[in-house]
Structures are given as structure tokens and as C-alpha cells.
Amino acid sequence: MERKTHILVIPYPIPGHINPMLQFSKRLASKGARVTLVTTTSLSKSMESLQEGSVYFETISDGYEEGGNLKIVDARLEHFSLVVAQSLAELIERQNSSQHPPKFLVYDSVMPWALNVARQLGVDGAPFFTQSCAVNAIYHHAHQGSIEMPLKTPSVSLPSMPSLGINDVPSFFNDTASYPALLKVVINQFSNFQEANWIFCNTYDKLEHEVVNWMASRWPVKTVGPTIPSMFLDKRLEDDKEYDLNLFKPNADACMNWLDTKEIGSVVYASFGSLAALGEEQMAEVAWGLKNSNCYFLWVVRASEEKKLPINFLQETTEKGLVVTWCPQLDVLAHKAIGCFMTHCGWNSTLEALSLGVPMVAMPQWTDQPTNAKFIVDVWKVGVRIKVDEKGIVTREEIEMCVREVMEGERGKEMKKNSMRWKELAIEAVDAGGSSDKNIEEFLAKLAHS
Ligand code: UDP
């Protein structure tokens, strides 16, 4: 019997990285590869919800055996690299002498040292970038020293990209002192990436064709996204209906039943992802902005954020709104009642909205989100961006105006049309013969003959 090509995949253990890399693993497995997703111990408790299907799982130590510590905090990062470099090497050694010796390691681009670990043990490897190609290119330019940090000019021009204003570049460029270890991580993604024979990116060709072409003409960049469960896109993988890792328990029935009672396009869905924490004043502005828009709204306020809701807000909005601690976001965005998505512009949320055809009200917070917002508004033309006032706050009036513009305005109709186009192109990319599909097949074919 012919042995399947065995591929190991190791994401950094936070949901925004695990989900896309697990989805990529499912695509590889659907095309005949044996895929083992390597998780690390700090995630082990949340892993209980992960069940082996087409992808196998292995857990190695990251020095946090107790679980529950999923944040990227500065002190953690160095320790993580040291421990995982060692435990990953041990895993590869074990696997090398098993019945299924691995042929390849796909590692999270924030762990560039994994390439050396694998190659020293005779296994080739390639990074997987979980963020947009534009953001990758920006960090690459920063690594080359061609962007000053902090940025002192009002805007910056980079190859194959629109001019980026000071509020469009990743937040680290404005405030280099804020997260020094994280800044180092994003820049270091490019420390050895030229040595890799494949560079996987969670985006799709047509979405970012200029910057993808620029990168692909220099390095073996392969777009393989969007990494959204197949049943929302090409529907070729029947069991691929959702992300397998849910950090929080979603109030699924409550959300879907409530949405079922609403008219087409009448609901604003608001969520700021799994990490962002708004200040109390900002929460109040969002709350009253949503209420004043007079639209129905479904708002995800994580349990740790609930105490910041204004007193009486829930009582005053029972007719119009539903506030939940977590929701099945893909099902929500795919629901016909949703008219727009008020989002922090995390890359996964952005790709989900583009792939499901939902226009956005962009309220970026930090890291790559400002850059995603710039593209949402000026390149893909699928949303408006909420302006921040001189105190750094987004006011309720501004929120109300932006929501109304997308929900009711003429420009909103245009954005909806554009969103539907990006949705078609997302499906085309992952469907049989599409750009992402072909890139995955090409990778597997080369690997089989290497
Ligand atoms: N998400 C979800 N339910 C929610 C809110 C978010 O399932 O109530 C998911 C969403 O579908 C996305 C992820 O959480 O896949 C958020 O990732 P993103 O990159 O947008 O932001 P982050 O959480 O990393 O800031």
C-alpha cells in the first residue's frame, strides 16, 4: 500500500492562529495527505473540544502544563520558543522512527526557528502566515529597514500598495514601545523566510493581487485561503462545517432563533474578537451608538467585558438588541438578517465578512487591524471606518452615522454589491481549480515526488 505523505502542522497556540492552520490541515488531508496538528500544553484544556476527524493531533510541552494561559504576553514568548524548540525536536525524532515518518513541517510564521529544528532532523519546512499579505509585506519592509520606526512622516509609500497614512500602518509603527516583544516577533517572521521553499499565506490571490504578485515574484509565496470551513464556501468537504476550536461557549440557539425573527439585512452584528478590551467610556459610546442607530443589533460582549456595559442598557434595549458573550460567528454572518458587521478588523473576522459577503463598519484597535481597515474601505470598498476623536474615543454620534451609512445609505448598497463580488472570488479561490486549490495541490504533488 502506498504510504500517505505525512505533514506536521504547528500553530502558535492562540485561536486566531490555530483555526486557520487547522482549516489548512483539513484541506491537505482532503487531498490525501496524513496531517498531524501539533498543539502545545498551555492549550490542552481548551483542546477538550477538539476531536480527531480527518486530522490527527499531538500535544507537546510549551512549559505551561496547566493550560489556560493563551495570551501572547512578552514574558511568555521567549520561554515558549525555548521549550517548544526542544519538545518539537523530540516529537519529530519520535515520529521519524514511527510508521509514519513526517516529510514536512508547516510552522506558524511567528516561530521562524522551527525551520532549523525540522531541517536538522531531515524534515523540510515552510512558514504559514496567518495575517494579510499586505501586513506581511509591511513587516518585511520593516525587517529590511525600509520603514522608519516609529513612523515620523504622515504617510508611507511601499511597493504595490496604496499610500498608507499614519493610522493605516500596524499599530506597532506608531507606538514602538507598547509591545516590544510582540514587535520583535512580527519583524522576526522575516529573519529566515528566504530559506523556505514554500511560503503559505491565509489570503486569496484576487483579494490582494498586487501585493501577492510583488511578493510571489521574489519568493515562493502561495496563497491558500480563505481558511474558512468548506461548507461556507465551496461545500466540497462535507464534514467541514465549523472551526473546531471554540475558546468560549457560544450562545448559538439564542442568536440564531433571535435572528430568524428579523427581516433580511435589518441587523447590525457587532463583535471585537477574542482579545480586544474596550475602555468603559468606549463601551458606553458603542452601546448608545448602536441603540441610537435604531437598527436591530446582535452584540458580542465577552464575559470579562460585561461589567463595562452601561447601567440599564440591557433593560432599555430589549426590543432592539441581543447581547451575548460569544456567538457562532460564521453562522451569524451567513444569516440573511445581518445587514452589516461592526468589527475590530481582526484578519479572521475580515476574511469571514469578505467570504460571506457582509459589508463592514470598521473600528480597528491595534496590531494589523488599522491596515485591514484601510483595505476594507479604500481597496475592497466594502465598509466605512469609524473616526476616532481627539481623545482617542469613537463617539456614539460617529457610530450611529457610520452604521446608518452602511445600513441605509446609497454607499451602503454599493458596499453590499462589492461584498458579494469578494464572496464569489473567495469561493472561486478554494473551489476545484481555483488559485488556492491549485497551490495546495501543487505543494502536495511536489512533496509526493521529493
Ligand atoms: N468569533 C466567534 N464568535 C464570536 C466572536 C468571534 O466565533 O462571538 C471568532 C471569529 O469567527 C474569528 C475569531 O473569533 O474567527 C476572531 O478572530 P480575529 O482574527 O478576527 O480576531 P482576534 O480574536 O484574533 O482579535
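Count along the sequence shown from 1, add 68, and you get the number used in my numbering. The beta-carbon is built from N, C-alpha and C at its ideal position, and this holds for glycine as well. Every value quoted in this text rests on a predicted model; they were computed, and no experiment measured them.
Check: residue i C-beta below 7 Å from any heavy atom of the ligand UDP
{"i": "residue 294", "result": "no"}
{"i": "residue 343", "result": "yes"}
{"i": "residue 412", "result": "yes"}
{"i": "residue 389", "result": "no"}
{"i": "residue 396", "result": "yes"}
{"i": "residue 84", "result": "yes"}
{"i": "residue 326", "result": "no"}
{"i": "residue 510", "result": "no"}
{"i": "residue 239", "result": "no"}
{"i": "residue 520", "result": "The first residue shown for the chain is 69 and the last is 518, placing residue 520 beyond what the model contains."}
{"i": "residue 420", "result": "yes"}
{"i": "residue 149", "result": "no"}
{"i": "residue 432", "result": "no"}
{"i": "residue 368", "result": "yes"}
{"i": "residue 448", "result": "no"}
{"i": "residue 165", "result": "no"}
{"i": "residue 416", "result": "yes"}
{"i": "residue 339", "result": "yes"}
{"i": "residue 318", "result": "yes"}
Boundaries (first-last residue) of the alpha helix (DSSP H) holding residue i
{"i": "residue 464", "result": "464-476"}
{"i": "residue 505", "result": "503-516"}
{"i": "residue 92", "result": "83-98"}
{"i": "residue 357", "result": "348-361"}
{"i": "residue 183", "result": "182-188"}
Bridge partner(s) assigned by DSSP for residue i
{"i": "residue 107", "result": "127"}
{"i": "residue 368", "result": "392"}
{"i": "residue 451", "result": "428"}
{"i": "residue 233", "result": "223"}
{"i": "residue 74", "result": "102"}
{"i": "residue 339", "result": "411"}
{"i": "residue 268", "result": "196, 290"}
Between the CA atoms of residue j and residue i - distance to the nearest angstrom
{"i": "residue 64", "j": "residue 323", "result": "Shown here, the chain extends from 69 to 518; a query on residue 64 therefore has no answer."}
{"i": "residue 449", "j": "residue 83", "result": "28 Å"}
{"i": "residue 200", "j": "residue 410", "result": "19 Å"}
{"i": "residue 209", "j": "residue 434", "result": "19 Å"}
{"i": "residue 392", "j": "residue 380", "result": "16 Å"}
{"i": "residue 92", "j": "residue 175", "result": "12 Å"}
{"i": "residue 264", "j": "residue 101", "result": "20 Å"}
{"i": "residue 396", "j": "residue 255", "result": "33 Å"}
{"i": "residue 276", "j": "residue 505", "result": "16 Å"}
{"i": "residue 74", "j": "residue 125", "result": "13 Å"}
{"i": "residue 337", "j": "residue 398", "result": "11 Å"}
{"i": "residue 513", "j": "residue 150", "result": "34 Å"}
{"i": "residue 104", "j": "residue 218", "result": "40 Å"}
{"i": "residue 343", "j": "residue 162", "result": "35 Å"}
{"i": "residue 94", "j": "residue 220", "result": "44 Å"}
{"i": "residue 390", "j": "residue 415", "result": "25 Å"}
{"i": "residue 158", "j": "residue 180", "result": "18 Å"}
{"i": "residue 400", "j": "residue 109", "result": "31 Å"}
{"i": "residue 87", "j": "residue 428", "result": "22 Å"}
{"i": "residue 463", "j": "residue 306", "result": "44 Å"}
{"i": "residue 69", "j": "residue 121", "result": "Note that residue 69 scores a pLDDT of 49, beneath 50, so its modelled location is shaky and nothing firm can be said."}
Under the three-state DSSP convention, the category residue i falls into
{"i": "residue 254", "result": "helix"}
{"i": "residue 602", "result": "Residue 602 lies beyond the range of the chain shown here (69 to 518); nothing can be said about it."}
{"i": "residue 175", "result": "strand"}
{"i": "residue 207", "result": "helix"}
{"i": "residue 261", "result": "helix"}
{"i": "residue 152", "result": "helix"}
{"i": "residue 444", "result": "helix"}
{"i": "residue 238", "result": "coil"}
{"i": "residue 64", "result": "Summary: the structure shown does not reach residue 64, with the chain confined to residues 69 through 518, and so no result is reported for it."}
{"i": "residue 328", "result": "helix"}
{"i": "residue 138", "result": "Low confidence applies here, because residue 138 scores a pLDDT of 49, under 50, leaving its location unreliable and the question unanswered by this model."}
{"i": "residue 420", "result": "helix"}
Beta strand (DSSP E) segment containing residue i, residue limits
{"i": "residue 192", "result": "192-197"}
{"i": "residue 407", "result": "406-411"}
{"i": "residue 290", "result": "289-291"}
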